[in-house]
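J.: This is the structure I have questions about; it appears just below.
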Amino acid sequence: MSKSQNIFEMAQQQLDEACELLGLDPSTREFLRWPQKEIIVTLPVRMDNGNIKIFKGYRVQYNRALGPTKGGLRWHPDETIDTVRALAAWMTWKTAVVDIPLGGGKGGVTCNPQELSDTEKERLARAFIGAIAKDIGPTVDVPAPDVYTTPQIMSWMMDEYEKIKGESMPGVITGKPIDIGGSKGRAAATARGGLFIAREAIKTRDESLAGKTVAIQGFGNVGGWAGVLFKEAGCKIVGISDISGAYYKMQGFDTDAMFEYVGKHGSLEGYTEEGMKAFDNPMDVLEMNVDILIPAALESQITAENADRIKADVIVELANGPTTPEADTILFKNKKFVVPDFLANSGGVTVSYFEQVQNAYNFYWEEAEVNERLDQKMTAAFKAVYNMYCKYDKKVDMRKAAYMVAIARVARAAKLRGWI
Amino acid sequence: MKNKTYEHLNHVLQKHPNLAEKIIQNLLIQLHNRKIVSIDKIYQHSREMAAPLSNTGDKKKYNPNAGKVHQWGKKEKEYIRKMVIKHASENFSIEEIDRIVNYVSKTEKAFALENIANLPGVSFWLLAEKVHEFCNLPEAEPIPLSMATGIRVALLKNFISDNLQFIRIARKYIRITDLDPIIKRTLGSETGTGKIGGKAAGLILAYKILTDEYSGDEDYEYFQKNVHVPESYYLRTDVFEDFLAYNGLVEYQNQKYKSIDEIHDEYPLIRELFKNADFQPAIKRQLRHLLEKIGEVPLIVRSSSLLEDNFGTSFSGKYDSIFLANQGSLDDRLSALIAAIGEVYSSGLGPDPLEYRKEHDLLDYFESVAILIQKVVGERFGDYFMPLWAGVAFGRNEYRWTKQLKYEDGLVRLVFGMGTRAVDRVSDYPRMIGLTKPLLRPEATPQEIKFYSQKKVDVIDLKSNTFVTMTLDEILDKINTPELSKIISTYKDNHITDPIGNVFYQEDGQPVITFNNLLKEKKFPELISRMLKKLEKAYNCPVDLEFAYANQKFYLLQCRPLAHRLIEEKIQIPDDIPEEKIFFRSERDVPCGVLKNIEYIIYCDPLDYNEIPDNDKTFLARVISKLNRLLEGKRFILMGPGRWGSSNIKLGIPTRYSDINKTKMIFEIARESGGYTPEVSYGTHFFQDLVEANIFYMPLYPDLSSTYFNPGIFDTCDNMLGQLVPAYERFEKVLKVYQIPRCFQAQYFHIYMDRENQKSIGFIAPENHS
């Protein structure tokens, strides 16, 4: 059994657990366990040297009960249909939990972008769209950037689709550069969504963000923006880490300066601020004594090994899968409040949805409007999950609660449509 | 008929009485060749005319042993002369006569030149004068190639280098007339005899190979148009010898026979002594005059030692090159220049070059150093001076992350600003260009491209007279040229945009050095590729180049043969090794070769390294240095975190070349989670050292799915560190020394590396595994 099959089985297992708690009937469960539609295409692409190379492409439309399917396109050498399937399932629960009228999908091409020139990438992008044009569209399935696919690749894809359709249809793809139909506020969207979620989480304790201490693991696009936005909201960012190490400053960091520094230097290596202490091990940041911990780096960072030493009461998962299932159990036992990744980091997909909406209107919002609407969506999403959590007397963790909210929404839509 | 030509010819013959006979001879040949009148006819006629008056000749009896060659009498010669003058005046123009006269005079001078050049110990300036005379002769037909070659060889030996490999190539391209401008830029005493050395010669030769119109290649015009060399001046090798004598520093020439520790310890003092030494007044005057002439322009002072830059031993980066802003009063500039020359002289006595010489059996040579003083290629931007781009190019590409890149097509490391960032191992990222496909890069996402891009820029600060490193933003503030659009792209919202046209909007996003538009233009990669190919053909081996671009001109700064393992073997990766015997399998950045019977593995795990305090990290380099010396002669390999040879402890163990030079192979373990980014050292000077010393190098990426890495197979092995160096036992946790035959029943460690298919394996097996 390959590793990727395990991933899909893991996704099915999470679904099964939530279905069990929700008490869904067997046919609904079985329906939700499988993708509704899978497309596999073979793409001949002419390389720069004149040879033709054959690529395999995939698109999985997992569930479209709530609306057109939505999800990224990955270009990766190890890409398989099983990975894509699992990720498409997770996209379904993510769009559902944040309550946007979209289903979940994912796609990919098995290729190594390190070996492709820009012109080859462009031909591959166009070939892929040529092959799946009949099965996508603003009202059918909307791809977006993911692993190794960039706004540039999205631009080529959109252009190819418009060529085929013979009309302007920017909404077929999101994650485009702003110049050709991208949305303002997209760059900071994941972090900003996380901020609204954190604010709501703190509110449940009748407290506010002002003065709360925060540690952030990872200082790339998501972590960096989180640093800037949480500080803006009145938090003290006392701990930060990236590949160069972990840093602590009791009085709180000047995260704007840090973010700018990372932009220029690539990492925090060499950054100094008065009163700052440095630790060689980036993992040290997770165990700092703070109110809010934001893992915004890689998966599997909080494990059975270090979960007991986590001091923060609230953990907002901006990274994908930063907590292992064993660690989840420990954190729950220690009464830590974990906002799960697919709720906490759904700000990104929400603004992608806004991009689609703006494309459909052909009218574009200012950033303030994007942010305001994002706030409404995230706040509502958090409340729905929190209510579910309370409904079960806080005996399930927030992750299970979020799954239950999402799955219930999809199941209800499928039922209304008369599918099950 | 006594025409004007007749008068002219007679006048010429009177003017050059010594050449008269040669001139007549040449005119005669010309008359014959042009079928105006045959030699035989003239001879016969002369004999007849002279016969009645001659009392020699036909009265002699037949002698079978006598040769048939006619012995000319005075009268006969007179008639020949008259007839030649007559026919020549009637048939040749004055210009034609002059050309023949010039040719005769040229061959005569050439003869004289060859004779002088072959005299032992002839002074530089005497020879220089003869060359100058020869070069200033009126234009004429070229002298015979064999003669020219003889003279070229003699002159090359006197002026440039007596390295035979160099001469063999140079004599084909460097003409006598090419030497005159070089001589004019050479500094040294009038009576001295010295050369200008390898580095200076390499550049002159390379430029001639590219641009020589007589080579038979049609592309010389292309290179004449596209390649320039910076203005250069040379301080001969004898100046160095006089410098030592004048300052009482001769004894330090024996520094090389001391132990490496002594060399290490004494070097700082030697450096100071040399820096503060002075030149003889005559040389000083010449230097002063030079500075007066070239004015306040930045200079680079480089060594051009006779051992340096030769075939197989390139001494890359062993000698210091010193930049001088060269601003201010003449006295200040002169003192700075003298100190810089002294410092460059002293750099040959440091531990690295002496170790290097020891390894290459070059220790017993008397090392004489010439100095190359070059105008730095650059443009002025406010108070700063730099080229827009610079870098190094290699005739072979050892850095191939995909099979699409061909080994033979070469590699370029390109940087914004001074080329030092491309040459040295600094914690920054030059743009790596595989010339097979210049636009291809190993990074696939905009964030990666941004991360693996050059962050800092080396420039000369004219105001403070120093060499400084600035951030990209700082320097971009000072520069405003449309050519920036070829260098800088902008990053915004996870998207990298290349400038459209030549408008570079900095406010549009964050500037990232990509050189995208330069590479898209194709002109630059094409130029480099063509240069590498042409030079390789002439040198009969691949070369490496240093170059810079400023004021819309491309400058070649250095050229030398590239040391590399020439033979690409076909390596068969064994597929029958039991899993439990395999230490690693890797499919990325694999070099070519087989390394068998490794006895020791020195292993430092990146995660363990991360744990130890910074002081210990620095100290670890000393421990490795100690092991390196202790295990000299044994077959051992080194495996450690990140980069070897970096001075930054965060990037890896801060060793120098002399700390690791006895190993057979170096592995750089690039673990992303350990905080080390996999920037391979291919193309840096450090890497050059490894190649020349036949030390294999390979990065290992344990986090890649295609890599198999199992340090666990050594779990049962004893760590020999404490036994080998008891004083450093406390490092046992972080540094492991495994003696393979001891822990694997007399078996050894073997490594097979197949560059072609990018596959490698390291495993334990009996001795001489096959």
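Taken in sequence, the protein lines are chains A and B. Each residue of the first sequence is one higher than the one before, starting from 53 at the first, in our numbering. Each residue of the second sequence is one higher than the one before, starting from -3 at the first, in our numbering. C-beta: ideal position from N, C-alpha, C; glycine also.
At the 9 angstroms Cβ level, is H491 (chain B) part of the contact set with chain A, yes or no?
T.: The beta carbon of H491 (chain B) sits closer than 9 angstroms to some beta carbon of chain A.
J.: Would you tell me roughly how many angstroms separate the C-alpha atoms of E258 (chain B) and F362 (chain B), rounded to the nearest one?
T.: 20 angstroms
J.: Could you name the residues of chain B that A239 (chain A) contacts, counting a contact when the two beta carbons are closer than 7 angstroms?
T.: D489 and N490
J.: Using beta-carbon positions only, say whether W142 (chain A) and A63 (chain A) come within less than 9 angstroms of one another.
T.: yes
J.: Which residues in chain B have a C-beta closer than 9 angstroms to the C-beta of Q353 (chain A)? List them in chain order.
T.: Chain B residues near Q353 (chain A): none, gap ~10 angstroms exceeds 9 angstroms.
J.: Do you know offhand how far I382 (chain A)'s Cα is from Y448 (chain B)'s?
T.: Here the C-alpha atom of I382 (chain A) lies approximately 38 angstroms from the C-alpha atom of Y448 (chain B).
J.: Look up P347 (chain A) in the DSSP assignment and give the residues it is bridged to.
T.: A:Q269
J.: Taking Cβ-Cβ distances shorter than 7 angstroms, what residues in chain A pair up with P442 (chain B)?
T.: T202
J.: Determine the DSSP secondary structure at W385 (chain B), reduced to helix, strand or coil.
T.: Here W385 (chain B) sits in strand by DSSP.
J.: What's the gap between the Cα of A309 (chain A) and the Cα of G344 (chain B)?
T.: Counting only the Cα atoms, G344 (chain B) lies some 45 angstroms from A309 (chain A).
J.: With burial defined as no fewer than 16 other Cβ atoms inside 10 Å of the residue's Cβ, what is the status of F415 (chain A): buried or exposed?
T.: exposed
J.: Can you tell me where the beta strand (DSSP E) with L634 (chain B) in it begins and where it stops?
T.: F632 to P637
J.: Alpha carbons only, please: which of A:R126, A:I295, A:R175 and A:G218 is nearest the one belonging to P96 (chain A)?
T.: A:R175
J.: Looking only at C-alpha atoms, which of B:H4, B:G758, B:N29 and B:A108 sits nearest to F571 (chain B)?
T.: The question names Phe, yet the displayed sequence has Asp at residue 571 (chain B). Comparing Cα-Cα distances from D571 (chain B) to each of B:H4, B:G758, B:N29 and B:A108, the minimum goes to B:G758.
J.: Starting from the N-terminal side, write out each stretch of the alpha helix (DSSP H) that is 4 residues or longer and does not extend beyond the region 505 to 577 of chain B.
T.: Given a length threshold of 4 residues, each whole run of the alpha helix (DSSP H) inside the region 505 to 577 of chain B is given here in chain order: 512 to 516 and 519 to 535.
J.: Would you verify that the beta carbon of Q408 (chain A) is, or is not, closer than 9 angstroms to some beta carbon of chain B?
T.: no
J.: Answer yes or no: does any C-beta atom of chain B fall closer than 9 angstroms to that of P120 (chain A)?
T.: For P120 (chain A), no CB of chain B lies under 9 angstroms from its own CB, so it is not counted at the interface with that chain.
J.: Starting from the Cα of E351 (chain B), find the closest Cα among B:K254, B:R581, B:P226 and B:T103 and give me that residue.
T.: B:K254
J.: Assuming D360 (chain A) contacts D449 (chain A) under a Cβ cut-off of 8 angstroms, what Cβ separation, rounded to an integer in Å, is found between them?
T.: Not confirmed; about 16 angstroms, so no contact.
J.: Does any residue of chain B have a CB that is nearer than 9 angstroms to the CB of Q269 (chain A)?
T.: no
J.: Looking at C-alpha atoms only, which residue of A:G234, A:G270 and A:R116 is the closest neighbour of I292 (chain A)?
T.: A:G270
J.: According to DSSP, simplified to helix, strand and coil, what is S228 (chain B)?
T.: strand
J.: Tell me whether R427 (chain B) sits in a helix, a strand or coil according to DSSP, three-state version.
T.: strand
J.: So M635 (chain B) packs on I665 (chain B), CB below 8 angstroms; how close in whole Å?
T.: Indeed they touch by this definition, with Cβ atoms about 6 angstroms apart.
J.: Going along chain A, which residues have a C-beta under 8 angstroms from N513 (chain B)?
T.: For N513 (chain B), there are no C-beta contacts with chain A under 8 angstroms, since the nearest C-beta of that chain is about 12 angstroms from it.
J.: Please state whether the Cβ-Cβ distance between A433 (chain A) and V150 (chain A) is less than 9 angstroms.
T.: yes
J.: Give me the Cα-Cα distance between V297 (chain B) and D327 (chain B), rounded to the nearest whole angstrom.
T.: 17 angstroms
J.: Quick one: give me the first and last residue of the alpha helix (DSSP H) that K301 (chain A) is part of.
T.: K301 (chain A) -> no alpha helix (DSSP H), and no H or E assigned at all.
J.: CB-CB under 6 angstroms to Y545 (chain B), same chain, minus the five flanking residues each way: which ones, in chain order?
T.: So the qualifying residues of the chain are P383, L384 and W385.
J.: At 4 residues or longer, and completely inside the region 146 to 219 of chain A: list those alpha helix (DSSP H) runs for me, N to C.
T.: 170 to 184 and 203 to 217
J.: In the DSSP assignment, what residue or residues form a beta bridge with D449 (chain A)?
T.: D449 (chain A) pairs with nothing; no bridge assigned.
J.: Taking 9 angstroms as the threshold (beta carbon to beta carbon), is G470 (chain A) in contact with chain B?
T.: no
J.: Smallest Cα separation from N322 (chain B): which of B:P426, B:Y341, B:E288 and B:Q10?
T.: B:E288
J.: Do F155 (chain B) and I139 (chain B) have their beta-carbon atoms positioned less than 9 angstroms apart in this structure?
T.: Taking a C-beta distance under 9 angstroms as the contact criterion, I139 (chain B) and F155 (chain B) do not qualify as a contact pair.
J.: Determine, using beta carbons only, whether S701 (chain B) comes closer than 9 angstroms to chain A.
T.: yes
J.: Please check the pair L531 (chain B) and V539 (chain B), which I expect to be a contact at CB under 8 angstroms, by giving their CB distance rounded to whole angstroms.
T.: That belief holds up - the Cβ atoms of L531 (chain B) and V539 (chain B) are roughly 5 angstroms apart, short of 8 angstroms.
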